[in-house]
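If you read the protein sequences in the order shown, they are chains C and G. Each residue of the first sequence is one higher than the last, beginning at 395 in the numbering used here. Each residue of the second sequence is one higher than the last, beginning at 94 in the numbering used here. Glycine included, every Cβ here is placed at the ideal spot set by N, Cα and C. Note that this is a predicted model, so its numbers are computed, not measured. Below is one structure, written out as structure tokens; comments come after it.
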Amino acid sequence: MSHAHAGSHAASVETQPDVYTNPVWRYLVHAATIVDLELRKLRRDPSELIMRAVQPALWLLVFGQAFGRLRAVPTGGVPYLAFLTPGILAQSVTFISIFYGIAIIWERDMGILQKYLATPMRRSALVLGKQLGASTRAISQAVVILVLSWLVGVRLHVGWNVIAVLILVILGAAFFAGMSMVLAALLKTRERMMGIGQVITMPLFFSSNALYPISIMPAWLKVVATINPMTYLVDGLRGLLLGTGTHAVWADALILAFAGTLMLALASYLFPRRLAG
Amino acid sequence: MSQGDHPPMSDSVVVEGLSKRFGAYQAVDDVSFRTQAGECFGLLGPNGAGKSTTIKMLATLLRPDAGRALVAGFDVVAEPQRVRSAIGYVPQMLSVNSALTGYENLVICARLQGLRPRARKVRIDEVITMLGLEDAAHRLVRTYSGGMVRRLEIGQAILHRPKVLFLDEPTVGLDPVARQSVWEHIERLRRDYGMTVFLTTHYMEEAESLCSRIAIMSRGRVAALGTLAELRDRVGNPEATLNEIFVHFAGQFQHEGGLRDVSRTRRIARRLG
């Protein structure tokens, strides 16, 4: 084993022919590696995705069918089930992302997170990779819900705009996963994360425009709905799939992208300080 | 085992007055030592003595409250990215993805360490051969034995040929046979690659069989430091066991760790077994 003597070791470090030297490229490779890791885990065990599809299915099949008969909600001229579909899509994206922080705490308890943090990967590349990993889960949910809604007779505008729908889904999931990671860094235990997840998911849902338009809300709820990022996800999806959005789709996308970037920055700041030890 | 085949070239880890406090608890208290390049250096002490906290500060995971530490010539606070490129770190807990194959675990780590595809493949194959994981490489890690998991973890940490390899309790929870095999692999790495191996342990035999120099830690402080022969000399008994040496310098080998340490050790042992 004389070839592996200290001399060759020093040479490989000095010339560095084996490692990425462009920092931007290296950053992207790192983020993509984390996404890849999430995809590999998902491919081995897709049961979570299947179970997660049950709840949105119930909302569409049971709640949507029954509530739609009331014709009580001003939907802007579309059937209630069609009005509801982007809302359920957004809900599904939110819920699958909001518990994402639990996985981070689990990885920390396992020592996996510490091992990653001891590599030259930038902290923000880890967070970005995790955000986009959540996005890939959300995309699979989106596909399931779009197919499901078509099966129950909802006719959405579906064509090339599906690409824009997926971009919105990616941005929405990245924001909520980022928020979840910020919470994980602050709360540090799985039990507290489960608790906070239960506490905030329903209020997020009901204080958004997912089930009913903002126009029918009381004044105080309108304020909450306006600062609730889920509202912009629903609005953008409605704009694309039904043509009945309140804001321009690009404005919704911009707001989600900004909120997601804010969470990326916050989580990258908090992670090494609160979860590395 | 001796450090004879690699003469000390420079100090690979320099620690001066390092301290870390968690709330009211002083985990590491004014610790200083140096390790020579290519040696195996051991931090020995009971649970709760401050070993893991020290190693986490050196691996840039925790920020020291006071003092200074250089790893491979880089300051852990001022140049953490350079330190991270020069080290491998194996945490105390089992840090592999059991839903992935051993090979996949290695690929992920190789990418995070910045290795380009061609070098990645060469290094991964080399590590798999070196750690005797050829037959298991494409199996899911959840089918591995405890000793194989530990070897895989060490493999993940050496793909980029670090100058310093940090091992936090590398054989905790392993049975004696698996422990012996992990020791042999650690010793080979040090010998073949000239890596500095820095480990923490509370097993006397581990420190005795692997480490050329030992720092005895107790209650966050270094109670004694030297080669086994030097420590025996200072005790005044050339036959002294490491246990006797420990009692001499640190009072008694008391377990200072609380419930958390014990339950963690049991959890690791359960997952390994």
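Whole-angstrom distance between residue j and residue i, CA atom to CA atom
{"i": "Ala404 of chain C", "j": "Tyr286 of chain G", "result": "Any answer about Ala404 of chain C is weak, because its pLDDT of 46 lies below 50 and its placement is not dependable; what the coordinates show is given next. Whole-angstrom Cα-Cα distance: 10 Å."}
{"i": "Ser662 of chain C", "j": "Ile148 of chain G", "result": "23 Å"}
{"i": "Gly401 of chain C", "j": "Thr264 of chain G", "result": "Low confidence applies to Gly401 of chain C: its pLDDT is 43, below 50, so where it sits in the model is not reliable, and the reading given next is rough at best. One C-alpha to the other measures close to 30 Å."}
{"i": "Ala651 of chain C", "j": "Ile561 of chain C", "result": "10 Å"}
{"i": "Asp261 of chain G", "j": "Leu565 of chain C", "result": "39 Å"}
{"i": "Pro514 of chain C", "j": "Ile557 of chain C", "result": "34 Å"}
{"i": "Thr294 of chain G", "j": "Leu318 of chain G", "result": "15 Å"}
{"i": "Pro139 of chain G", "j": "Leu431 of chain C", "result": "36 Å"}
{"i": "Ala451 of chain C", "j": "Cys202 of chain G", "result": "38 Å"}
{"i": "Arg243 of chain G", "j": "Pro269 of chain G", "result": "14 Å"}
{"i": "Gly227 of chain G", "j": "Arg327 of chain G", "result": "Just to set this straight, residue 227 of chain G is Glu in the shown sequence, not Gly. Roughly 46 Å separates the two Cα atoms."}
{"i": "Val308 of chain G", "j": "Ala316 of chain G", "result": "The sequence shown places Ala at residue 308 of chain G, rather than the Val named in the question. In a straight line, the C-alpha of Ala308 of chain G is about 7 Å away from that of Ala316 of chain G."}
{"i": "Gly207 of chain G", "j": "Trp554 of chain C", "result": "37 Å"}
{"i": "His253 of chain G", "j": "Gly313 of chain G", "result": "32 Å"}
{"i": "Phe600 of chain C", "j": "Lys616 of chain C", "result": "11 Å"}
{"i": "Thr655 of chain C", "j": "Leu245 of chain G", "result": "35 Å"}
{"i": "Cys133 of chain G", "j": "Arg306 of chain G", "result": "7 Å"}
{"i": "His641 of chain C", "j": "Tyr510 of chain C", "result": "40 Å"}
{"i": "Ala179 of chain G", "j": "Val563 of chain C", "result": "39 Å"}
{"i": "Val456 of chain C", "j": "Gly462 of chain C", "result": "10 Å"}
{"i": "Gly266 of chain G", "j": "Ser356 of chain G", "result": "12 Å"}
{"i": "Gln535 of chain C", "j": "Phe167 of chain G", "result": "46 Å"}
{"i": "Ser491 of chain C", "j": "Val576 of chain C", "result": "12 Å"}
{"i": "Ser396 of chain C", "j": "Tyr118 of chain G", "result": "Only weak support is given to the placement of Ser396 of chain C: the predicted model assigns it a pLDDT of 39, under 50, and the value that follows is read from those uncertain coordinates. In a straight line, the C-alpha of Ser396 of chain C is about 47 Å away from that of Tyr118 of chain G."}
{"i": "Ala647 of chain C", "j": "Ser529 of chain C", "result": "14 Å"}
{"i": "Ser302 of chain G", "j": "Leu282 of chain G", "result": "15 Å"}
{"i": "Ala189 of chain G", "j": "Arg502 of chain C", "result": "Here the sequence assigns Val to residue 189 of chain G, which means Ala is not the residue at that position. Each residue's alpha carbon lies about 12 Å from the other."}
{"i": "Ala165 of chain G", "j": "Ser486 of chain C", "result": "48 Å"}
{"i": "Phe665 of chain C", "j": "Tyr494 of chain C", "result": "14 Å"}
{"i": "Val121 of chain G", "j": "Gly329 of chain G", "result": "28 Å"}
{"i": "Ser95 of chain G", "j": "Lys144 of chain G", "result": "Caution applies to Ser95 of chain G, whose pLDDT of 43 falls short of 50 and renders its modelled position unreliable; the value that the coordinates give is listed next. Cα-Cα distance, rounded: 23 Å."}
{"i": "Gly589 of chain C", "j": "Glu197 of chain G", "result": "34 Å"}
Paired residues, beta bridge with residue i - DSSP
{"i": "Tyr182 of chain G", "result": "G:Phe259"}
{"i": "Arg584 of chain C", "result": "Partner(s): none; Arg584 of chain C has no beta bridge."}
{"i": "Phe291 of chain G", "result": "G:Phe134, G:Phe259"}
{"i": "Ser112 of chain G", "result": "G:Ala159"}
{"i": "Thr194 of chain G", "result": "G:Leu233"}
{"i": "Thr128 of chain G", "result": "G:Val106"}
{"i": "Ala604 of chain C", "result": "BP columns for Ala604 of chain C are empty, so no partner."}
{"i": "Gln119 of chain G", "result": "G:Arg114"}
{"i": "Asp168 of chain G", "result": "G:Leu163"}
{"i": "Leu208 of chain G", "result": "C:Val413"}
Below-8 Å beta-carbon distance, residue i vs any chain D residue
{"i": "Lys616 of chain C", "result": "Reference to chain D is not applicable here, since the protein chains of this structure are C and G."}
Anticipated Cβ contact below 8 Å, residue i with residue j, distance rounded
{"i": "Lys256 of chain G", "j": "Ser105 of chain G", "result": "6 Å"}
{"i": "Asn622 of chain C", "j": "Ser609 of chain C", "result": "Incorrect: roughly 15 Å between the Cβ atoms, too far for contact."}
{"i": "Gly131 of chain G", "j": "Cys304 of chain G", "result": "Going by Cβ atoms, the distance from Gly131 of chain G to Cys304 of chain G rounds to 13 Å, so no, they are not a contact pair."}
{"i": "Ile361 of chain G", "j": "Met241 of chain G", "result": "The Cβ separation is near 15 Å, so there is no contact."}
{"i": "Val183 of chain G", "j": "Ile247 of chain G", "result": "6 Å"}
{"i": "Arg177 of chain G", "j": "Val423 of chain C", "result": "Not quite, the Cβ-Cβ distance comes to about 15 Å (not below 8 Å), so this is no contact."}
{"i": "Ile217 of chain G", "j": "Val200 of chain G", "result": "7 Å"}
{"i": "Ile498 of chain C", "j": "Lys524 of chain C", "result": "7 Å"}
{"i": "Asn212 of chain G", "j": "Asp412 of chain C", "result": "In the sequence as presented, Asn is not what sits at residue 212 of chain G; that position holds Ala. So it is a contact: roughly 3 Å between Cβ atoms."}
Check your understanding: Mind pulling the alpha helix (DSSP H) runs of 4 or more residues that sit fully within the segment 433-480 of chain C?
Key -> 441-446, 448-452, 459-462
Point to revise | Cβ pair count under 8 Å reaching 3, the segment 578-586 of chain C against the segment 472-488 of chain C | key: no
Check your understanding: Along the chain, which unbroken stretches of the alpha helix (DSSP H) at least 4 residues long are found entirely within the segment 270-329 of chain G?
Key -> 297-303, 321-328
Check your understanding: Can we say the segment 106-121 of chain G touches the segment 155-171 of chain G, given the rule of at least three CB pairs closer than 8 Å?
Key -> As far as the Cβ criterion goes, the segment 106-121 of chain G touches the segment 155-171 of chain G, which means the pair count is three or higher.
Review point. Do the segment 536-544 of chain C and the segment 477-490 of chain C make contact, defined as three or more Cβ pairs closer than 8 Å?
Key: yes
Exercise for review: Return the chain-ordered ranges of every alpha helix (DSSP H) run that is complete within the segment 588-643 of chain C and spans a minimum of 4 residues.
Suggested key: 613-621, 623-635
Point to revise | Runs of alpha helix (DSSP H) lying entirely within the segment 495-543 of chain C, each at least 4 residues, in chain order | key: Every unbroken stretch of the alpha helix (DSSP H) spanning 4 or more residues and falling wholly within the segment 495-543 of chain C is given here in chain order: 506-511.
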